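Asker:
2 protein chains.
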Amino acid sequence: MVSKKQIQLVNSLKQKKYREEHQLFIAEGAKIVPELLRSDIKVEQVFATREFLERHTVGENIECIEVKYNELERLSAQTTPSDVLAVCKIPVHVFDKKVLKGKLTLVLDDIKDPGNLGTIIRIADWFGIDTIICSKESADAYNPKVVQATMGSIARINLHYLELSELFSDLNTSLDPGKSFPIYGALLEGEDLYKKQLSEEGIIVIGNESRGISGAVEAFVNQRITIPSFAHYKSGKGEAESLNAAIATAIICSEFRRG
Amino acid sequence: MVSKKQIQLVNSLKQKKYREEHQLFIAEGAKIVPELLRSDIKVEQVFATREFLERHTVGENIECIEVKYNELERLSAQTTPSDVLAVCKIPVHVFDKKVLKGKLTLVLDDIKDPGNLGTIIRIADWFGIDTIICSKESADAYNPKVVQATMGSIARINLHYLELSELFSDLNTSLDPGKSFPIYGALLEGEDLYKKQLSEEGIIVIGNESRGISGAVEAFVNQRITIPSFAHYKSGKGEAESLNAAIATAIICSEFRRG
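In the order they appear, the protein sequences are chains A and B.
Under the working numbering, the first residue of the first sequence carries the number 1, and numbering increases by one thereafter.
Under the working numbering, the first residue of the second sequence carries the number 1001, and numbering increases by one thereafter.
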């Protein structure tokens, strides 16, 4: 049985303002919730049907509320609720520029669409990229739509929201004085992604869905890359004008990792 | 000014049943509609605001109705309507197995999500794949959500809905007697996509979002490929369990085309 106060709290977490106030987010579904329970994410409450609870173990220190399916309908952010919903603590990842050393990191310059952000988090996880830095204007990673689109990958990625110009401004001095730290950006004009020598260390900047990488961020890009379309290869002119931001991310990450 | 009858027709086209009955579909937006007007797609009607019509030319043989923005709200399938909506003829592409010769073709085995289908059509267009064959159970490509997600690419791709087992059953005899026509399938167990020699001719089968490639179709796959995750490379076990179907399509197409 779920109380009015619980319904209120869970529903408030669909809004960023209340997620920030309570430092909580919601996740749903028999695939994602068990993954979060196994992860480092602190799950505070689980609302689940008897059927779910018969098949899954919820830790003893987690408040577990058995509910009817129609009660889940009053909590869920989904069109079709599943049989479990968890309230989780937003993890605190302290950012230190040193974590950038020796590995690849994604930087998102205003990714606005929650579905794209969730998909990009899942792609990062697939390709073993464990840190994503989002500009402050990017979609909120703890928006229920993002959480669902990550399919559980959100539990394994360190997410940071930073002012990108501050991040980039003293990167070279703080990481490797005298050497420029590779900052890759996918741009319309750049070196052919498939022909360029790609490093195992660096930042890959992904631009906003409609305007791409902003001028302020582009100024810091020192490795300009471009994904040539096959039509471009054949005829010198492209057909599809652009790729979706998440699709471009997948192609770029695949190319970095294929070795 | 838009009539009641026009509102009724346009709204009926949000349902597959009426799209099939009228052989019409709708497309919206100042990016997609002008692309359709320039393409081989037969546009029958354009509903647009004065602002749109001042900036774009609509052919003389197309019925063009100037409307107010609030009238577009009554027609649109979008949450936020744009300033133009077109009613278009569903193109008729006659299928002949011979078109498969000498090039790559995508076959979709029950892609159900309209957003995924639209994104896959856009990816195909980017990589110069001009034919997509969908199983009969796949999402309808003329669903407004699919059309929007293609960003205009739907005008350049030949789409067919076929019974896949019929397609595959006599492929070798009809195309290249005595030689097996390459049918690639992305499966959990298969050759490493990044290491396999990929041909310039063949079919790439993409499976359903949750169950992958069906058993009936897998039986015809003669080139089993798998996308290794980077985590898999490093530790022998994957982190993210799977990739979204459209993301997998992008990675596979990129690998085929990079040469």
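Even glycine gets a Cβ: it sits at the ideal position worked out from N, Cα and C.
This structure is a prediction, so every number in the text was calculated from the model and none was measured.
Mind checking whether residue 24 of chain A and residue 88 of chain A have CB atoms under 8 Å apart?
Answerer: The answer is yes: Cβ separation under 8 Å.
Asker: Just how far apart, CA to CA, sit residue 1182 of chain B and residue 1171 of chain B?
Answerer: Each residue's alpha carbon lies about 10 Å from the other.
Asker: Can you tell me which residues form a DSSP beta bridge with residue 160 of chain A?
Answerer: Bridge partners of residue 160 of chain A: A/133.
Asker: Check residue 36 of chain A in the structure and name its three-state DSSP category.
Answerer: Note: residue 36 of chain A maps to helix in three-state DSSP.
Asker: Quick one, which of A/214, A/244, A/228 has its alpha-carbon nearest residue 255 of chain A's?
Answerer: Of A/214, A/244, A/228, the residue nearest in Cα terms is A/228.
Asker: So, is the C-beta of residue 254 of chain A closer than 8 Å to a C-beta in chain C?
Answerer: The structure shown contains no chain C; the protein chains it does contain are A and B.
Asker: Within 8 Å of any Cβ in chain A, is that where the Cβ of residue 1194 of chain B sits?
Answerer: Judged by the 8 Å Cβ criterion, residue 1194 of chain B is in contact with chain A.
Asker: Any idea if residue 136 of chain A is buried or exposed, counting beta-carbon neighbours within 10 angstroms, 16 or more meaning buried?
Answerer: So residue 136 of chain A counts as exposed.
Asker: Distance, Cα to Cα, residue 124 of chain A vs residue 202 of chain A?
Answerer: Rounded to the nearest angstrom, the two C-alpha atoms are 14 Å apart.
Asker: Do residue 224 of chain A and residue 185 of chain A have their C-beta atoms closer together than 8 Å?
Answerer: A contact, by the Cβ cut-off of 8 Å.
Asker: Name the two residues that bound the continuous alpha helix (DSSP H) containing residue 1190 of chain B.
Answerer: No alpha helix (DSSP H) contains residue 1190 of chain B, which is instead part of the beta strand (DSSP E) from 1183 to 1192.
Asker: What residue does the beta strand (DSSP E) around residue 1263 of chain B start on, and which one ends it?
Answerer: Lying before the first or after the last residue shown, residue 1263 of chain B is absent from chain B, which here runs from 1001 to 1259.
Asker: Got a sec: which bits of the region 95 to 128 of chain A sit with their beta carbon under 8 Å from any beta carbon on chain B, in order along the chain?
Answerer: Under the 8 Å Cβ criterion, the region 95 to 128 of chain A contributes 115, 119, 122, 123, 125, 126, 127, 128.
Asker: Between the region 1133 to 1147 of chain B and the region 1014 to 1028 of chain B, do three or more beta carbon pairs fall short of 8 Å?
Answerer: Taking 8 Å as the limit for Cβ pairs, the verdict is that the region 1014 to 1028 of chain B does touch the region 1133 to 1147 of chain B.
Asker: Could you tell me which chain B residues have their CB closer than 7 Å to the CB of residue 258 of chain A, listed as they occur along the chain?
Answerer: Ordered by position in chain B, the residues that pass the 7 Å Cβ test against residue 258 of chain A are 1194.
Asker: Do residue 91 of chain A and residue 32 of chain A have their C-beta atoms closer together than 8 Å?
Answerer: No.
Asker: Would you list, in sequence order, the uninterrupted alpha helix (DSSP H) runs of no fewer than 4 residues that lie entirely inside the region 1067 to 1134 of chain B?
Answerer: Counting whole runs of 4 or more residues, the region 1067 to 1134 of chain B contains the alpha helix (DSSP H) stretches 1069 to 1075, 1114 to 1126.
Asker: State the Cα-Cα distance for the pair residue 152 of chain A and residue 217 of chain A, rounded to the nearest angstrom.
Answerer: Rounded to the nearest angstrom, the two C-alpha atoms are 30 Å apart.
Asker: Could you work out which residues of chain B lie near residue 229 of chain A, taking near to mean beta carbons separated by less than 8 Å?
Answerer: Within 8 Å Cβ-Cβ: 1126, 1127, 1128.
Asker: Just to confirm before moving on: does the CB-CB distance between residue 1095 of chain B and residue 1164 of chain B stay below 8 Å?
Answerer: No, the Cβ-Cβ distance between residue 1095 of chain B and residue 1164 of chain B is not below 8 Å.
Asker: By the DSSP assignment, the alpha helix (DSSP H) with residue 20 of chain A in it spans what residues?
Answerer: Residue 20 of chain A -> alpha helix (DSSP H) spans 16 to 22.
Asker: Kindly list, in the order they appear in chain A, the residues whose Cβ is closer than 9 Å to that of residue 1244 of chain B.
Answerer: Within chain A, the residues near residue 1244 of chain B are 119, 122, 123, 149, 151, 246, 250.
Asker: Out of B/1106, B/1156, B/1114, B/1062, point me to the one whose CA is closest to residue 1252 of chain B's CA.
Answerer: Of the candidates B/1106, B/1156, B/1114, B/1062, the one whose C-alpha sits nearest the C-alpha of residue 1252 of chain B is B/1106.
Asker: I need the straight-line Cα distance from residue 110 of chain A to residue 134 of chain A, nearest angstrom please.
Answerer: Distance between the alpha carbons of residue 110 of chain A and residue 134 of chain A: 7 Å.
Asker: Pick out whichever of B/1122, B/1214, B/1173, B/1198 has its Cα sitting closest to the Cα of residue 1103 of chain B.
Answerer: Of B/1122, B/1214, B/1173, B/1198, the residue nearest in Cα terms is B/1198.
Asker: Quick check on residue 1071 of chain B: buried or exposed, where buried means 16 or more other Cβ atoms within 10 Å of its Cβ?
Answerer: With 16 or more Cβ atoms within 10 Å of its Cβ, residue 1071 of chain B is classed as buried.
Asker: In this structure, does DSSP put residue 1224 of chain B in helix, strand or coil?
Answerer: DSSP places residue 1224 of chain B in strand when its eight states are reduced to three.
Asker: Is residue 1215 of chain B buried or exposed, if buried means 16 or more other CB atoms sit within 10 Å of its CB?
Answerer: It counts as exposed.
Asker: Of all the options A/100, A/79, A/156, which has the alpha carbon lying nearest to the alpha carbon of residue 175 of chain A?
Answerer: Checked all of A/100, A/79, A/156; the closest Cα to residue 175 of chain A is A/100.
Asker: Residue 62 of chain A by DSSP, collapsed to three states: which one?
Answerer: Coil at residue 62 of chain A, not helix or strand.
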